[in-house]
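Here the numbering used here = 1-based position in the sequence shown + 233.
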Amino acid sequence: MLAKELVLKQRTTILHALCSSGSTEHLERILDILLAQGGLTWEDYQNIQVLGRALYANARQLLDLVYTKGEDTCELFLAALKLVLPEEQAAVLSFSESCSNLEDKDEYQSTSHHTLLTQRPSLVYKLQGCIDGALETLLDLGHFSSSDCEEVRLPIYTPTQQARRLLDQVRSKGDSVATVLLQYIHQKQEPGSAFNQSNLTPPKEVLKYQKKLSSSVSAQACFLSTYGGTSHMPLEDIYIDGQLELAEDSVNAQGPLGLEDIVGLAGIVNKEADTVIVSGEAGSGKSTLLQRLHLLWAQGAALRDFLLLFPFSCRRLNSEHNELSVQELLFQHCCWPDREQAEIFQFILDHPHLILFTFDGLDELKQSFSDEQRICCPTQRAPVHILLFNLIQGSLMKGVQKVVTSRSEAVSPLLKKHLRKEVVLKGFSPNGIDCFVKKHHRDPTVAAKVLESLQANTALLGLCHSPVLCWIVSQCHKELLGCGEGSPKTITDVYLMILQHFLQHQSPLRSTMGSGWLQEHLKTVLLLGQLAFEGITTTCYIFSGTDLEACGVTEKDICMVFLTKSKDMSSTHSKCYEFLHMTMQCFFAALFIVLSSNTNRSVIPKLFELENMREAGLSSVCFRACLPSSDQQQQALEKETKAAETPNLQITAMFVSGLLSQRHQKLWLHCCPSAVVEKKARQVARCLSKGMQKHFRSIPQPVQGEKKSMHAMPDFVWLIKCLYEMQESRIAKDAMSKLEVDHLKLTYCNIGPVECTALAYVLQHLRNPVGLQLDNNSVGDVGVEQLLPCMHICSSLYLRNNNITDEGVHKLIAKSIQCDSFQKIALFNNKLTDACMQNFSHLLKTKQDFLSLRLGNNNITAEGAKQLAEGLKANHSLKYLGLWGNKIGDEGAEALANGLESNSSLVWLSLVGNGVGSAGACALANIIRDNTSLEELWLTENCITKMGVECLIEALKHNRHVTSIWLRNNALSLEEVEEMKQRESRLIF
Ligand code: ADP
């Protein structure tokens, strides 16, 4: 049905929905939206919003007008209605199928006056809580009289109405006043201003509540859970800053982010959204980072703009089976106000900008994010996940900032649409590992020994970038220092080390030799394994006493430290347990799959196909609460939980690969029949090979003349990691033998040192050399070192934007000089300085078949250019040299020109943005004169004057090979440009 018809037919119902509560809020919000979207003009608005006229009359006026304006406006109106009305009211209305999409209008409008209209909905909420301040500013500047102010402040108005009246007044006073107000609002959005400068004195009950909340947050946040069973370690004593980066790489130029930047202005991609995601791998420290933020807030040391902070754990929200309203969610799950609940909640509603919500582990929520079911009313009850999704997308509690952590895989494109920004936590930096080990081991000699052994085992050092593995390695330092030859290499090795560590902790008198330790504790391992496995297959991470009992887990098993008491802000789940870390649960689930004779034969294939594991598991004896009651419900839940399970299934599969490796088979000797273990190992090898084939088959045939190229899908890296865990070169070789590509693209794949180790291990078995493209990952120097074993099969290596320093380059070049196929390298946007130019010079001197060197956007100066020039002098093969965005200046350009004097191979040279002046241009002109290979010279964004260009023109008279010299944005006047264009068409300005 057409929107117009719908408006007419449903007139009575719409009027009722808009007016029956007696509040003008719904109507006014709809007017805001229609104004912003251009559905109504300002004059229309004034005709409808007649102050003092009955609400019903205003609403009727709106309906009449919308109807006469036609189909488009009716559609907009219905879309606004759908957005604004509480769900139960919207449910009784029909909306047109093509219900308009209420996208935000362009942020920047031609005039401030116009911006007041187009941004009206968001300005209304931004103004709440700072109306007094805005009025004072306008009064001080003489734009408002005190009677203007009084009109806005009329006590009958709610905060949103005051905001609208203020906007209306400002609009009537013209563009300059609108500019003042917009600037004021903008300043208020800056960090460090909202609460402290707003001179707001919250009511006494709110302040009391704030105190109670902050002491409860502080109590929750002061100890780290992984230390719960081992020692009570205050967070403050062990916390090390992780590496935080913006997900949008274009804005990363601002350097590393600090904790406060998470809620700050840096890197905002959608100003209207309130939700920031901190994403990262399992164990990268997301929960700990939130814990740190909570503690700093409770201590008043950070996030001081927020009066109230409400921390939630999605893991715990899973066990909330009742429908709740937002108020109940806040008070029941975080902190119960002793008195005046209604007043406190009203304060929260009225001052959204003073409130912060945090949600830890969105990926652990049973349901994956969806924005289908909308609710806007904070008093409406709904299942907790629906509340959470509405909070995230801002239809509930708009204006309240939300920080959500999640594993990267779980950040879906749909979720991204609702994000203010995404910040990626990339674990510890090399220096961070050092600090962590020193903090963990107060005895400096022990710390020094641990660090020394890490330096000697770079695969293990690579793993330590993940904080959880760094913790395990530090925890097991005795085993690590004593193990010599067989020191851990894979993630499975590290987890086996901690398993042994804690099990032997229980019986310190036993020998640490042999595999007897596992046999002795097999029962416990199997019980915990079953608990973990069933938990993974039912998305259950918190276990009640009944769950434990049902699996037969006893007090003794609990004391083994792998389980820790679950922390909870509310007191309802007093005796619940969870695994020390999610990855530990996956590890136990994998142990169960390997050791149990009870599991179904299809468990391993299903695991690797990432299929729903529920029916592959056991007939569940526990977690009744986690399991749905009817078939229909079960199907719905299965669909919803699929996404949440996948990352854990992947980690579990990785551990299964590692545990079934030949290297560990002696461990299982006395625990289960060898034939069974071998069979399972064969199953895994088959699954990995099958998985790889599936990827290879998806590679499209190359277009004629182009190379065959494969862009890795996310699961590819996971399969590679499983192959690495297996440590069986025969299987890796077999899997790789069928890959036939010239170029392997793994950009934006979260590749860190750990993944580099696995990649090199597997890719070294490729039959033909490939171009390996790893742009925009976090390879770093340690990762570069891990890649060395596969350098011989690399024809080119692309490592743009990967945090690589001179140290990494030093090792990389030393190796690549020995690799015959290696011909191209791209290191754009890393941290290179002059100190590594000697290495490139050496590379050029040694490899007379090297083709392309791209070093843009680093810190190379004239000194570096001089060293590179030495290499160029001796090289006869290089075709492409890119130094865009360095600082070589005239001196560097002269040195390069000198180095290229007798060169006859270079085809393309870029010195864009290098502070090159006319002296540099003249030096380059000298080589152009007689050069027979150069085709393109890029000199854009330098400071070349007419004199320099004259030299280039003169040189071009003698050269027919050069096709273009790019000279945009240099020190030339328009007339000069015009004149020189006429004289030489190959100059491009
Ligand atoms: P995630 O939430 O990303 O899975 P966690 O925050 O649970 O990771 O971290 C796992 C463990 O790693 C923690 O229990 C702690 O031992 C260690 N850890 C993580 N981040 C830090 C940090 N910034 N400083 C010190 N230790 C950390």
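Glycine included, every Cβ here is placed at the ideal spot set by N, Cα and C.
Residue i beta carbon near the ligand ADP (any heavy atom closer than 6 Å)
i	result
residue 701	yes
residue 512	no
residue 884	no
residue 247	no
residue 519	yes
residue 666	no
residue 473	yes
residue 465	no
residue 457	yes
residue 1263	The question about residue 1263 has no answer, for the chain in this structure spans 234 to 1222.
residue 814	yes
Reduced DSSP category for residue i - H, G, I as helix; E, B as strand; rest coil
i	result
residue 1067	helix
residue 572	coil
residue 991	helix
residue 970	coil
residue 744	Low per-residue confidence applies at residue 744: pLDDT is 48, beneath 50, and the placement is therefore not dependable, though the value from the model is reported in the following sentence. DSSP places residue 744 in coil when its eight states are reduced to three.
residue 234	coil
residue 1259	Past the edges of the chain, shown from 234 to 1222, lies residue 1259, and the structure says nothing about it.
residue 1044	helix
residue 834	coil
residue 369	helix
residue 347	helix
residue 1092	strand
residue 1215	helix
residue 654	strand
residue 697	coil
residue 675	coil
residue 1199	strand
residue 635	strand
residue 1078	helix
residue 757	helix
residue 397	helix
residue 390	coil
Residue i CB to nearest heavy atom of the ligand NAD below 6 Å
i	result
residue 515	Looking for the ligand NAD in the displayed structure turns up nothing; the ligands present are the ligand ADP.
7 Å Cβ cutoff, residue i in contact with chain D
i	result
residue 365	Here chain D cannot be found, since the structure has a single protein chain.
Are three or more beta carbon pairs between the segment 808 to 824 and the segment 758 to 765 nearer than 8 Å? yes
- Which parts of the segment 763 to 811 are runs of the alpha helix (DSSP H), unbroken and 4 residues or longer, counting only runs that do not cross its ends? 778 to 784, 788 to 791
**Prompt:** Do three or more CB pairs link the segment 463 to 474 to the segment 596 to 612 at distances below 8 Å?
**Reply:** no
With a floor of 3 residues, list each beta strand (DSSP E) that falls wholly inside the segment 553 to 630, ordered by position along the chain. 588 to 593
Three or more beta-carbon pairs under 8 Å between the segment 783 to 800 and the segment 890 to 907, yes or no? no
So, does the segment 954 to 965 touch the segment 990 to 1002, judging by three or more C-beta pairs under 8 Å? yes
Suppose only complete runs of 4+ residues qualify. What are the alpha helix (DSSP H) ranges in the segment 1127 to 1189, listed by chain order?
1151 to 1163, 1179 to 1189
**OP:** Please specify which runs of the alpha helix (DSSP H), each continuous and at least 4 residues long, are wholly inside the segment 440 to 504, giving them in chain order.
**Re:** 468 to 471
Practice item. Flag this pair as touching only if the segment 1158 to 1174 and the segment 1136 to 1147 have three or more C-beta atom pairs under 8 Å; answer yes or no. Key: yes
Could you tell me which whole beta strand (DSSP E) segments of length 3 or greater appear in the segment 886 to 912?
none
Review point. Using 8 Å as the Cβ pair cut-off and three pairs as the minimum, do the segment 432 to 452 and the segment 377 to 389 touch?
Key: no
Given 8 Å as the limit, is there contact between the segment 981 to 991 and the segment 914 to 927, that is, 3 or more CB pairs closer than that? no
(request) Please confirm if the segment 1049 to 1061 is in contact with the segment 1072 to 1091, defined as three or more CB-CB distances below 8 Å between the two stretches. (result) yes
Ranges of the beta strand (DSSP E) found wholly within the segment 927 to 984, counting only runs of at least 3
942 to 944, 976 to 978
Margin query: With three or more C-beta pairs closer than 8 Å as the rule, is the segment 657 to 667 touching the segment 534 to 549?
Written below: no
Measuring CB atoms only, is the segment 580 to 596 touching the segment 623 to 634, in the sense that at least three cross pairs come out at less than 8 Å?
yes
How do the segment 492 to 503 and the segment 677 to 689 stand: do at least 3 beta-carbon pairs fall below 8 Å, yes or no? no
*asked:* Below 8 Å, how does it come out for the segment 672 to 681 and the segment 640 to 647: are there three or more Cβ pairs, yes or no?
replied: no
| message | Three or more C-beta pairs under 8 Å: does that hold for the segment 764 to 779 against the segment 553 to 571? | response | no
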